[in-house]
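Protein chains in written order, with the working numbering: chain B, 1 to 312; chain V, 313 to 641; chain Z, 642 to 1135.
The beta-carbon is built from N, C-alpha and C at its ideal position, and this holds for glycine as well.
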Amino acid sequence: MKVIRELLKYKIWMFCILFSVYMYIFSPAFGTWNNFYGILQSMFPYGMVALGLMFGLVTGINNLTIGSLACLSAVVFGLVSQSYGCIAGFLAGVAAAAVIGAASGVMSTYLKMDGWLVTIALMIGVRGFACALLAGSTVRITDSFFLKVASTKFGPVPLLFLVFLVTVVLVDFILKYTHYGRSMYAVGGNAEVAASCGININKVRVIAVIVSSVLAGIGGIFVTARLGSANGDLGADAIMACLPMVIIGGAAFTGGKGDAKGTLSGCLVMNLITTYMNLFEVYIDAQKVIQGAILLMVIIADKYFENKEIKV
Amino acid sequence: MQKNNVMIKKRFDVGWFAVNNFGLILIVLMVVFGSIFANNFLTIDNFRNLASQIVINGILTIGFSVVYIIDGFDLSQGNVLSACACVALTILNGTHNILWAFLAAAAIGIFFGFANGMIGKVIKSDGSDSYLITLAMSLVALGFAYIWTKGLNIQCDSEMTSYRNIARGNILGISNTAVILVVFLVIVHFVLRKTAIGRKLYYVGANKKAAFMGGINSHNYRMYAFMFSGFCAALAAIVMTARTGSANPMTGNNYETDAAIATIVGGNAPGDSKSGMLRALFGVLCLGLIRNIMNMMNVDANIQTVVKCIILLVALYALSVKKSWGGKD
Amino acid sequence: MQDYILEVENISKAFLGVKALDQVSFKIKKGEVHALVGENGAGKSTLMKILNGNYKKDQGTVKIDGKEVDIQNPNDAKAHGISIIFQELNLVSLLSIAENIYIGRLPKKNGLVDWKKLYEDTELALKRIGYDIDPGTKIGTLSVAQRQMIEIARALSYPTTRILLMDEPTATLTTKEVEILFEVVRSLKKQGISVIFISHKLEELFEICDTLTVIRDGQVIETMPIEGLTKDDVTSKMIGREITNIYPKRKKTHTDEVVLKVEKLSHKDAYRDISFELHKGEVLGMAGLVGAGRTEIARGIFGIDYKDSGDIYINGSKVKINSPADAIKYGICYLSEDRKSEGLMGSMSVKHNISAANVEKLLVNGVLSQKKEEEIANELVEALKVKTSGLEQTVFNLSGGNMQKVVLAKWLNTNVDIFIFDEPTRGIDVGAKYEIYQLINRLVEQGKSVIMISSELPEVMGMSDRLLVIQRGRIAADLEVESMTPNDFIKYAI
């Protein structure tokens, strides 16, 4: 009995295993190393963004700007690395995301502006700013070092995926073993109680948004590795893709829940679903509808049971 | 104590006026700014242009404002508009009947609104849930539009000039579409202010629990508001397709953000009895003027987006300041 | 002198000119368990909040261990050794016991959270109160009684804690849970920690406390040792005044005609087998301790909450009430104890709030009439003597009593005949209270019927014709008030 309860903790992972087995049986293309590599490679960029989303959600902040932040960081990275090399470009891209994140955090907390609307306003404005920087064209990523790093693989395992795993472990560590990380859960769980126990909830939230934005930015920078360029549409579907990952992975819209490994499992699930739809040739436009439907189901599942007893 | 009260009161008066009449101040600033920095700004022609330009945004803002009044948010308007546009033209081309096209578009729009509202009802949502619900629904609508059109552009049959004339004619010198907007605005204003349904929407937005305990079915009214917003997306789709003669899944992309900005900059707030069509109009005019001036100054479209975002943030700040004063009169 | 760990001298506190505490003084020894009793609004909570630093006293001194202290905020209080456990527990449900006890001050090692020490410390804290449970358990899975234990453990985890304040700790506990709590309190006594208990449950206080202070109208009536006290002694000091003077007289209005009959209403653990009748022109009181289930019953009748079983009859015919709209249709209305969030649209005007339950009435030729709305509102504002700067005033800014009047005006603007008042005078000053009582009298004189839920015994006895005593979700007694004494209530309610 206890064994079963322990196993249930890993239900998402188990679903992934079962799903993979199913696809292995029914699709010849699934069992190839190429396919394996493809899945791991595609998990990385949006997986990073999902980590960022989860980080914010733990404190109760829904950072809808992540898609636009990914775009901004990618564009800044592309432009700066053309003249100053990819390290400078990377730092510039991350800095851009951090600055926006700080502004967003301060506005939603210290300035007491409506958090949702702030992230939505920035979602629009930041993407517009990124497009303005591009001045109508796209920027090609030509830095050879960066491209080399992006395509390095050890057998079927991409280097970048390992980087992603390291980040997951790092974020997990921060959330579990630092005082700050634990106070994030307190703030997200019940902000009033946290405040009355001496935790500075504004500070905790601002830092969370900054980290969240930086993670999203890093994810965006690495999206360019696959595309070979950065354009104004980068990350436009990030929220749709990452929200289910994060909620399936155990986070909640109301805050106080979520962890890095769970988000990893959610990321895997969503990627497997996408793989399924590609391998089994699900009509590409139906994929959008399915993605939207998955998100709706996730939203409903999150709140329906909670509110079952009340009438309004 | 006395002294403090008097001093604070003085400072509040100017600030209070600014915060409460944000939209109006912005319009005045825009007009002044425009007459200085843009050529041909203060001309009849330009204002006539303006009147046409604001129609689509105006119709969508009307729907958005109603949803905002009940403490909701409709991020699906843009893609629902695309879906309605594609369906409208297909039906129009197939039946050569304007009424059928209109009904088909309305059905699609109202359906998506119904879906938004119904999900909210099932999970007993509060205001913030509608962000995510409509965001997801927006994706569903986009997918639907792609499936419907198989990714292709739809052209209006060249025979249907009567349809295209919806957007071409003038009434007393003002374009048809502007007249549609004004008439629609007046009707909705009447419903909001003078009918029982309209009044109940305000109550639901102010406190859905108290409204429920007073006998109003809060979640049903929220649903009606979303259905109305979907209808607005359909109406805007008709105007747009009549103008351009074509439709594709990206036709309405991102139009909801302008509707959101116009709604909030105009000063609307959930459950606030002063919110409504007048403030929506302010917001639409603001946004229209800003766009008009920036176009005349040849400002890059992306910079325009950034400017709009900044204005929205300032409006949000004004709202938060207003809130911290606790709605004192 | 050093005998006393806490000395409170001549504490006074007023809110907006209304005196909440008037020269309150008492003393507590080390290891003493002290009861603080008094009716609602007598000042007990205010006193506790001053000791805990949530409020600032206007006058008086507080001495701890012989030294005068100045407590400006809860952190000061903790530093001086005072810890409080409020009724609304201060815990984060999603976190574990350990993280709640040490929230904001998790033990560190090399800059990182020292989980091992955290769990060890938590186990020690739990041991101090004799509670054996895995420190990793999430608070959300615990019952209220268990959560209270955690709060006590947290209070004790501050090494300086010497005085524990507990506000109605047994209000929602079962007898067994109360026993466990008392065991903990006894062990605290042995450890030299003093406890101040606010409670209504006199029987329990007799079991656990050493001394007792009665507070009435913000003043200390008497401090006495429990030894040899009887319930009657205490109750008479608590209530102390002639009941009849405070409540307006009314003519005999209650008839035999049954307007509302409730049969075997049940909902999960909240209430079971509730059956009673309400007569025309009657005021039926619903008394009981906080948490007994009265509000839940009213909300079940009114259709706000789901119920499992039971029938409702209006004027003899069975009706189905699934929502407030149904209830209103059948002539029932409910005035919630939480006026601000359930009774009013705080950001809207007086005028709009009055129309909120009957929008259709404002229609003239199918269109909402401003004129009619103002006429109705003016009439009601005048009739109920609502103090407001005008119909346009935002309701949020009104005083408690006037808010209640606006809610009542809203219902008078409908066709309801049955009024359920839930704590009608909570948080309202004495003058406005009397006005509300008069309004209730007027209602029944006009042939309406009233159910009045109240935790203030004198109020519910002074206003009702008949009284239902609710205990732990069941009807314990159905009495004619004329033949009742306060002790009857205590006998049934506990």
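Separation of residue j from residue i, as counted between CA atoms
{"i": "B/Val166", "j": "Z/Tyr760", "result": "28 Å"}
{"i": "V/Ile403", "j": "V/Ala546", "result": "14 Å"}
{"i": "V/Pro582", "j": "V/Thr617", "result": "25 Å"}
{"i": "B/Asp114", "j": "B/Asn62", "result": "11 Å"}
{"i": "Z/Met1044", "j": "Z/Trp1052", "result": "13 Å"}
{"i": "V/Asn317", "j": "Z/Leu1021", "result": "The pLDDT assigned to V/Asn317 is 42, lower than 50, so where the model puts this residue is not dependable; a value taken from the coordinates is nonetheless given after this. Rounded to whole angstroms, V/Asn317 to Z/Leu1021 spans 33 Å at the Cα level."}
{"i": "Z/Ala655", "j": "Z/Asp858", "result": "12 Å"}
{"i": "B/Ile17", "j": "Z/Arg1067", "result": "59 Å"}
{"i": "Z/Thr885", "j": "Z/His675", "result": "Confidence in Z/Thr885 is poor, its pLDDT being 44 and thus under 50, which makes the residue's placement unreliable; the coordinate value appears in the next sentence. So the alpha carbons of these two residues sit roughly 32 Å apart."}
{"i": "B/Ala286", "j": "B/Ala293", "result": "10 Å"}
{"i": "Z/Gly951", "j": "Z/Thr816", "result": "28 Å"}
{"i": "V/Leu401", "j": "V/Ala559", "result": "7 Å"}
{"i": "Z/Ser828", "j": "Z/Glu673", "result": "12 Å"}
{"i": "Z/Phe1037", "j": "Z/Lys981", "result": "8 Å"}
{"i": "Z/Ile804", "j": "Z/Ile793", "result": "11 Å"}
{"i": "B/Val163", "j": "B/Val149", "result": "11 Å"}
{"i": "Z/Glu764", "j": "Z/Pro748", "result": "14 Å"}
{"i": "B/Ile299", "j": "B/Ala251", "result": "12 Å"}
{"i": "V/Asp641", "j": "Z/Gln1034", "result": "Because the pLDDT at V/Asp641 is just 33, under 50, the model does not fix this residue reliably, and the value given afterwards should be weighed accordingly. Whole-angstrom Cα-Cα distance: 7 Å."}
{"i": "Z/Glu824", "j": "B/Lys203", "result": "42 Å"}
{"i": "B/Asn307", "j": "Z/Asp946", "result": "12 Å"}
Chain-ordered chain V contacts of residue i [CB-CB under 7 Å]
{"i": "B/Tyr304", "result": "Val434 and Ile435"}
{"i": "Z/Ile1092", "result": "Within 7 Å Cβ-Cβ: nothing; Z/Ile1092 doesn't reach chain V, min ~16 Å."}
{"i": "B/Asp233", "result": "Under the 7 Å cutoff, chain V gives no residues; its nearest Cβ is about 11 Å from B/Asp233."}
Option nearest residue i by Cα separation, candidates the options
{"i": "B/Leu111", "options": "B/Cys131, B/Val206, B/Phe90 and B/Asp302", "result": "B/Val206"}
{"i": "V/Leu304", "options": "V/Ile615, V/Ile576, V/Ser636 and V/Ile605", "result": "In the structure as shown, chain V begins at 313 and stops at 641. Residue 304 of chain V is therefore absent and cannot be evaluated."}
{"i": "Z/Arg913", "options": "Z/Phe847, Z/Asp897 and Z/Gly934", "result": "Z/Gly934"}
{"i": "B/Met184", "options": "Z/Leu730, Z/Gly745, Z/Ala739 and Z/Asp910", "result": "Z/Gly745"}
{"i": "B/Thr254", "options": "V/Gly346, V/Gly439 and V/Asn405", "result": "V/Gly439"}
{"i": "Z/Ile726", "options": "Z/Val836, Z/Asp711 and Z/Lys671", "result": "Z/Val836"}
{"i": "Z/Leu1004", "options": "V/Ser487, V/Arg511, V/Ile486 and V/Tyr380", "result": "V/Arg511"}
{"i": "V/Gly595", "options": "V/Leu338, V/Phe329, V/Ile492 and V/Val326", "result": "V/Leu338"}
{"i": "Z/Tyr1133", "options": "Z/Met927, Z/Glu820 and Z/Lys1089", "result": "Z/Met927"}
{"i": "B/Leu69", "options": "B/Gly249, B/Gln291, B/Ile120 and B/Thr32", "result": "B/Ile120"}
{"i": "B/Phe19", "options": "B/Asn278, B/Val269, B/Leu279 and B/Val204", "result": "B/Val269"}
{"i": "B/Gly89", "options": "B/Ala96, B/Ala95 and B/Val80", "result": "B/Val80"}
{"i": "Z/Glu898", "options": "Z/Leu806, Z/Asn751 and Z/His920", "result": "Z/His920"}
{"i": "Z/Gly922", "options": "Z/Cys850, Z/Ser1090, Z/Ser1040 and Z/Glu809", "result": "Z/Ser1090"}
{"i": "V/Asn566", "options": "V/Leu451, V/Asn519, V/Phe456 and V/Ala427", "result": "V/Leu451"}
Where residue i falls, given that 16 or more other Cβ within 10 Å makes a residue buried
{"i": "Z/Glu883", "result": "In this prediction, Z/Glu883 has a pLDDT of 46, which is less than 50 and means its spatial position is unreliable; what the coordinates show is noted afterwards. Per the 10 Å Cβ criterion, exposed."}
{"i": "V/Ser474", "result": "exposed"}
{"i": "B/Gln41", "result": "buried"}
{"i": "B/Phe77", "result": "buried"}
{"i": "V/Leu354", "result": "exposed"}
Under 8 Å from the C-beta of residue i: neighbouring residues of chain Z
{"i": "V/Ala518", "result": "Met986, Gly987, Ser988 and Met989"}
{"i": "V/Met525", "result": "Phe943, Ile945, Pro965, Tyr975, Ser977, Glu983 and Gly984"}
Neighbouring residues, chain B, relative to residue i (Cβ below 9 Å)
{"i": "Z/Asp946", "result": "Glu309, Ile310 and Lys311"}
Per-residue contacts from residue i into chain Z (C-beta, under 7 Å)
{"i": "V/Arg511", "result": "Val1000 and Leu1009"}
{"i": "V/Ala548", "result": "Residues of chain Z passing the Cβ test: none, with the nearest at roughly 28 Å."}
Under 9 Å from the C-beta of residue i: neighbouring residues of chain V
{"i": "Z/Ile969", "result": "Gly526 and Gly527"}
Could you tell me which whole alpha helix (DSSP H) segments of length 4 or greater appear in the segment 853-920 of chain Z? 872-880 and 884-887
Start-end ranges of the alpha helix (DSSP H) lying completely within the segment 236-303 of chain B, minimum 4 residues: 238-248 and 260-279
Start-end ranges of the alpha helix (DSSP H) lying completely within the segment 530-566 of chain V, minimum 4 residues: Inside the segment 530-566 of chain V, DSSP marks whole alpha helix (DSSP H) runs of 4 or more residues at positions 530-556, from first to last along the chain.
At 3 residues or longer, and completely inside the segment 674-713 of chain Z: list those beta strand (DSSP E) runs for me, N to C. 674-678, 700-705 and 708-710
Continuous alpha helix (DSSP H) assignments of at least 4 residues falling wholly in the segment 1059-1125 of chain Z: 1071-1086 and 1098-1104
Quick check on the DSSP output: what are the complete alpha helix (DSSP H) runs of length 4 or more inside the segment 181-242 of chain B, in order along the chain? Taking only runs of at least 4 residues, the alpha helix (DSSP H) segments lying wholly in the segment 181-242 of chain B are 191-196 and 201-227.
Output the residue ranges of the alpha helix (DSSP H) runs that lie fully inside the segment 584-633 of chain V and measure 4 residues or longer, sorted by chain position. 589-608
With a floor of 4 residues, list each alpha helix (DSSP H) that falls wholly inside the segment 53-118 of chain B, ordered by position along the chain. Segments of the alpha helix (DSSP H) lying fully in the segment 53-118 of chain B: 66-84 and 86-108.
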